[in-house]
Structure formats: C-alpha cells, structure tokens
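Input: a single structure, listed below in structure tokens.
Residue numbers (this note's numbering), protein chains in the order written: chain C, 1 to 324; chain Y, 1 to 328.
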C-alpha cells in the first residue's frame with residue numbers, strides 16, 4: 001500500500017474548563033488514502049465534528065489539540081503556524097458545512113466569493129478565475145451558470161446553495177474535503193442529489209472525503225470505509241459493506257440494527273438502551289460498557305485498544321479474547 | 001431603484017407636511033403675532049391694519065398653504081426679537097452648527113469604527129477592556145458635564161484651547177467656516193469632542209457587538225475554511241455585514257447631533273442655530289422656533305433618505321423589488 005493521504009495518530013482534543021479538563025476526542029488514529037471516501041458516524045457529541053475541525057486547523061478555542069499528530073502527505077500539519085495553515089486550508093483541504101443557507105456571505109455575489117477563493121490560492125487573473133468559476137458552477141449542476149454567477153446567495157434555493165458551497169470547496173482541487181453533515185439541513189429529496197453529486201465530483205477530481213454524518217444510509221451509499229465514534233473514541237473502522245452487514249463492536253451493531261428496514265415489518269424500532277455519557281463522566285474501561293449487552297469484568301477496568309480483526313479494526317475486549 | 005426613491009420622497013414629503021402643520025399651529029395659537037410685533041402704544045386701528053397686511057384675517061386653510069409655500073422657499077418672516085428676516089439669521093448661524101455637527105460625526109465615526117472593530121476582533125485584549133471602560137464614561141456622562149470638564153482642564157487650567165466662540169472664521173459667499181484658520185480649528189476641538197463623544201462610544205459598542213456576532217456566523221467559518229486571509233475575512237466579509245445597523249444608528253445620530261447641538265452650543269457659546277433657538281424660546285420668538293423646527297425635520301428626513309439609499313447599496317437582499325422588476 002502506498003502512503004496514506006492523511007494520517008491521524010493518537011489525536012486528543014481537550015477543553016479546559018473551570019472544573020477540570022474535558023477530553024472530547026480521546027486518542028484516535030486513522031488514515032485516509034487518496035481519493036477515498038471515509039464516513040464518520042456517531043451520536044451528537046461523539047467528537048466527529050471536532051475531529052474534522054482539528055484536521056483543517058479550525059478548532060474553536062478553548063478547544064485544543066492536546067496530543068497526537070496529523071500528517072498530510074507526510075507533512076505534519078497540526079502544529080503549523082496560522083499563516084502556513086491558511087495556505088493549506090481551501091487549497092489542500094476543503095470543508096463543507098452543515099447549513100448551506102448560512103455558509104455563504106449574503107452581501108456578495110457567489111461569483112465574487114468564488115473568484116476571491118480562486119485568486120487566494122492561484123495566480124489566475126480575474127477573467128480566468130471567473131471563467132473557471134463558471135465551469136465549476138456548471139459542473140455542480142447550476143443551470144445558466146454564466147448568468148447565475150452574478151446572483152446573490154438569497155436568490156438560490158437551499159439545494160442550489162449547497163451546490164455552490166461544494167463548488168467553493170472544490171474550486172482549487174483540494175486533496176481532501178471534510179464534509180460536516182453536508183445534507184442534514186436539506187430536504188430528503190435534495191439530500192440524495194447532493195450526495196450523488198459530491199461522490200461523482202470527488203471521483204472525477206480524485207478528491208478524498210471525510211464524510212461526517214449520523215445518517216447511516218448516506219454512509220452506506222457513499223463511503224468506501226466507515227469509522228464509528230463513541231464518546232470521543234473510535235470503536236470500529238472498516239469497509240462499509242463489512243460494517244453494515246456484520247458490525248463487530250456492540251455499539252456499531254446497535255447502530256446498524258437501529259436502521260429501519262423496508263423489507264422487515266417491525267412493531268417498534270430497535271434502539272440502544274441508555275444515552276452516551278457526557279464528557280464529564282466517561283466511565284473507566286470501555287466507554288460503552290454501561291450500555292453494552294455483552295459487558296464483561298475487564299470492560300469496566302481496562303480500555304480496549306483498536307485491534308485488527310480480519311479486515312476491520314475493533315476496540316472491544318470480546319474480540320481480544322477470541323484472538324488469544 | 002427610482003421607484004423606491006420616489007416612494008421614499010413621497011413619504012418624506014408627508015412627514016414634512018405634518019411638521020409644517022405643527023409649526024403653523026405654533027405660529028397661530030401660541031400668543032398673538034401682532035401683539036408680539038408692535039409696541040405697547042400702537043393703536044387698535046394700526047394693529048388691525050397690520051393684521052390685515054400680514055394676512056392673518058384670511059381663512060385658516062389659506063393661511064396654512066401660504067405658510068407652506070413660504071416654508072418651501074424658507075421664508076419664515078421677521079424675527080420678533082432681532083427685527084430681521086429669519087432666513088438671514090439662519091444663514092448666519094447654520095454654517096457654525098453644520099460644521100460642528102459634521103466634525104463631531106466624523107470624529108465619532110473615524111475613531112469609533114476602528115475602536116469597535118478592534119474590540120470585536122480581540123475581545124479579551126487589555127486594550128479592548130480599556131476601550132470598553134472608556135465607552136462607559138462616554139455613554140453615562142451628560143454632555144454639559146463633559147463640556148464643562150473639558151473647559152476646566154484645557155481652557156482654564158492648561159490654557160491650551162479657547163473656552164468659547166468659533167475663533168476666526170473665513171467667509172466663502174454667505175457660508176462662514178472656521179476650518180481654514182488655526183484659531184477656528186482650536187475652537188472646534190472641545191465642542192466637537194463634547195458633542196461627538198456619546199456617538200463615538202455608541203458606534204464603538206455597536207460595531208464591537210456586531211463584529212462579535214458576525215464572527216460567529218457560518219459564512220465566516222466557511223471563509224476561514226477556504227483559506228482566505230484574515231484581512232479579507234475581517235474587513236471584506238465581517239465588517240460589511242456589521243454596516244447595516246451601524247449606518248442606521250449613525251444616520252439617526254447625525255440628526256440628533258444637529259438637533260441636540262443646543263446644549264454643546266450653550267456650554268461653549270458656539271454661535272450656531274442651537275444658541276439662536278434657545279434665545280428664541282426665552283423671548284417667545286415664534287418665527288425662529290418654527291423655522292428651527294422645520295429645518296431640523298428637514299435634516300432628519302434628508303438623512304433618513306440617505307440611510308435608506310445606503311442600505312440599498314450595502315445589502316443586496318433589500319433590493320428585492322428590483323429583482324422582481326427584472327423578473328428574476
């Protein structure tokens with residue numbers, strides 16, 4: 001295997017508060033290969049978005065990276081000074097946010113925002129940048145792009161705006177795009193279009209994607225691999241097909257079982273009992289053990305590490321036992 | 001755009017009409033103009049003749065429209081107290097007030113805006129805290145107290161600046177200005193600070209809170225994620241979004257500055273309209289009061305119109321009716 005595009009090792013994110021430090025992301029490691037789409041799933045507060053923000057260097061204070069490293073093409077980027085990080089943002093790593101309605105500056109035409117971004121990262125003249133912007137808009141499926149480029153964001157619908165946002169994120173061909181719940185704010189019928197578009201564009205441009213979502217359906221349709229997060233930790237990383245069909249970790253199993261099925265008639269939707277612990281009271285040992293149906297003694301005492309189980313990696317003591 | 005301006009103009013004219021009505025009522029029902037104009041030994045016949053010649057025996061609507069017609073030409077008759085045409089009096093005084101107000105407004109914008117931007121960008125910096133404490137003083141101290149304090153420090157104790165008047169002025173046509181002369185400029189410093197301090201702190205606090213608000217928005221985060229420079233983010237994207245409320249407040253405040261220059265003009269014996277108005281109140285000089293009322297209303301209307309047009313320029317979302325007209 002050639003070198004991964006992105007290599008996150010032992011990343012920890014902390015929030016210092018008056019009552020001690022909260023660990024929001026606890027020692028996670030994963031890699032992303034060029035052109036690959038990796039889904040990150042988990043409940044709200046599992047640390048998905050924070051992981052995304054830390055990769056692009058936009059972690060909001062007081063949150064801070066407390067340990068570990070992030071490497072892009074073998075270059076360490078988590079400790080770069082702001083002015084160098086800025087050259088990576090947009091150019092090498094792009095980001096798409098949840099709400100397309102508020103992601104665009106309402107006072108500027110979309111053309112101005114596109115041209116501004118293109119000119120920040122390349123030496124194109126205004127005319128060239130504008131031409132490039134029109135092509136991009138056509139590529140993301142905005143009809144009459146040459147005319148629409150001079151329109152303001154409020155003149156576009158939600159789905160169209162998210163297309164513009166995607167065009168903005170892709171405008172200088174970044175190597176990686178972090179899409180933080182790109183479809184959550186959209187209509188269900190639009191969601192599918194946007195996801196298909198994102199998938200197609202990234203394939204055409206060879207862009208890798210980290211797709212953060214809590215929608216398993218989106219992951220199953222789009223991603224190559226999936227990482228499941230729980231209480232700031234990675235509990236399972238594997239190929240999408242594998243994880244959806246035969247999740248190994250009890251939490252991942254619970255998540256997959258909770259997906260409603262069209263073919264099976266059920267009285268009640270399956271759910272995982274209990275709630276995810278707050279950052280203040282993450283239990284010792286495996287963070288999931290109070291809710292786990294197969295909880296053992298060791299789970300309460302020692303934290304399981306992410307271990308290779310066949311093609312997938314799982315952090316669960318029951319599989320450690322199988323191995324030994 | 002033109003339809004929008006015409007609509008606004010019509011609205012402004014309605015406002016002016018009602019202000020004119022109030023001014024007219026004041027003219028006719030606060031005391032008897034003839035009584036004010038003549039001496040105690042004028043005979044009854046002479047009084048009646050004067051009344052007739054002034055048109056005061058005409059029906060009220062006729063008098064009202066004559067008043068409006070004259071007001072449109074800025075003719076408000078003869079001041080009772082100065083025995084001179086009100087128009088001439090205002091021509092003498094208007095430049096002083098406008099100059100003072102303009103300099104005060106300019107000061108408050110030129111200083112308040114950068115201070116607000118700084119305090120918004122670095123909310124935890126020590127300088128921001130100094131600005132904020134300072135602004136508290138500006139907001140809470142009354143104008144006359146600031147004026148008197150300034151006079152005490154810079155005019156009485158240190159003797160650097162004159163405590164009253166406009167200093168030397170130059171005449172350009174009927175317009176007089178103190179800006180080109182050193183003594184005029186020196187005389188302008190304290191009054192304009194006194195008058196502008198409140199607006200300065202208001203603008204600063206407004207810009208600061210708007211900046212803090214805007215910097216939290218998604219489009220600023222997205223702008224960062226696109227790798228734009230801080231300069232482009234702060235001044236291109238954030239500042240422009242804070243401008244709509246700032247324009248509103250500044251516009252309204254410029255109106256107030258002109259109208260409430262009265263206090264500052266009194267403290268510094270500034271020979272402007274405010275001082276003229278105050279003396280007119282003392283002497284029930286109704287033509288001056290009516291003219292002042294109309295003039296201040298006129299300034300407010302013009303400023304509001306300008307503010308509305310500026311909105312239009314800054315925020316494309318307000319150009320909705322334009323979009324409809326184009327069918328897009």
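All C-beta atoms in this analysis are idealised placements derived from N, C-alpha and C, irrespective of residue type, glycine included. Keep in mind the model is a prediction, meaning the values are calculated, not measured.
Is there at least one Cβ from chain C nearer than 7 Å to residue i's Cβ?
i	result
residue 308 of chain Y	no
residue 238 of chain Y	no
residue 235 of chain Y	no
residue 71 of chain Y	no
residue 316 of chain Y	yes
residue 222 of chain Y	yes
residue 218 of chain Y	yes
residue 228 of chain Y	yes
residue 119 of chain Y	no
residue 332 of chain Y	Residue 332 of chain Y falls outside the range modelled here, since chain Y spans only 1 to 328, and no answer is possible.
Based on the DSSP secondary-structure assignment, which residues constitute the bridge partners of residue i?
i	result
residue 6 of chain C	C:32, C:72
residue 171 of chain Y	Y:176
residue 198 of chain C	The partner list for residue 198 of chain C (beta bridge, DSSP) is empty, contrary to what the question assumes.
residue 208 of chain C	C:176
residue 12 of chain C	C:67
residue 313 of chain C	C:237, C:308
residue 227 of chain C	C:40, C:237
residue 22 of chain C	C:15
residue 55 of chain Y	Per DSSP, none; premise fails for residue 55 of chain Y.
residue 85 of chain Y	Y:78
residue 89 of chain C	C:93
Quick one: grab the DSSP three-state call for residue i.
i	result
residue 164 of chain Y	coil
residue 56 of chain C	helix
residue 275 of chain Y	helix
residue 123 of chain C	coil
residue 16 of chain Y	helix
residue 295 of chain Y	helix
residue 252 of chain C	helix
residue 43 of chain Y	coil
residue 27 of chain C	strand
residue 265 of chain C	coil
residue 184 of chain Y	helix
residue 95 of chain C	strand
residue 271 of chain C	coil
residue 81 of chain C	coil
residue 73 of chain Y	coil
residue 308 of chain Y	helix
Can you find a CB in chain Y that lies within less than 7 Å of the CB of residue i?
i	result
residue 56 of chain C	yes
residue 103 of chain C	yes
residue 97 of chain C	yes
residue 117 of chain C	yes
residue 239 of chain C	no
residue 308 of chain C	no
residue 59 of chain C	no
residue 120 of chain C	yes
residue 230 of chain C	no
residue 91 of chain C	yes
residue 86 of chain C	yes
residue 107 of chain C	yes
residue 152 of chain C	yes
Where residue i and residue j are concerned, what is the direct C-alpha to C-alpha distance, given to the nearest angstrom?
i	j	result
residue 26 of chain Y	residue 290 of chain Y	7 Å
residue 57 of chain Y	residue 34 of chain Y	12 Å
residue 8 of chain Y	residue 86 of chain C	46 Å
residue 310 of chain Y	residue 247 of chain Y	8 Å
residue 240 of chain Y	residue 126 of chain Y	26 Å
residue 202 of chain Y	residue 108 of chain C	27 Å
residue 91 of chain C	residue 289 of chain C	42 Å
residue 87 of chain Y	residue 76 of chain Y	7 Å
residue 157 of chain Y	residue 295 of chain Y	38 Å
residue 238 of chain C	residue 36 of chain C	13 Å
residue 189 of chain Y	residue 142 of chain Y	18 Å
residue 208 of chain Y	residue 238 of chain Y	11 Å
residue 111 of chain Y	residue 228 of chain C	53 Å
residue 319 of chain C	residue 203 of chain C	35 Å
residue 234 of chain C	residue 318 of chain Y	48 Å
residue 323 of chain C	residue 312 of chain C	Because the pLDDT of residue 323 of chain C is 47, which lies under 50, any placement of that residue in the model is unreliable, and the number read from its coordinates should be weighed accordingly. Roughly 14 Å separates the two Cα atoms.
residue 101 of chain Y	residue 199 of chain Y	11 Å
**OP:** Within the stretch 195–251 of chain Y, note down every full alpha helix (DSSP H) run reaching 4 residues or more, in order along the chain.
**Re:** Along the stretch 195–251 of chain Y, the alpha helix (DSSP H) occurs as fully enclosed runs of 4 or more residues at 218–225, listed in sequence order.
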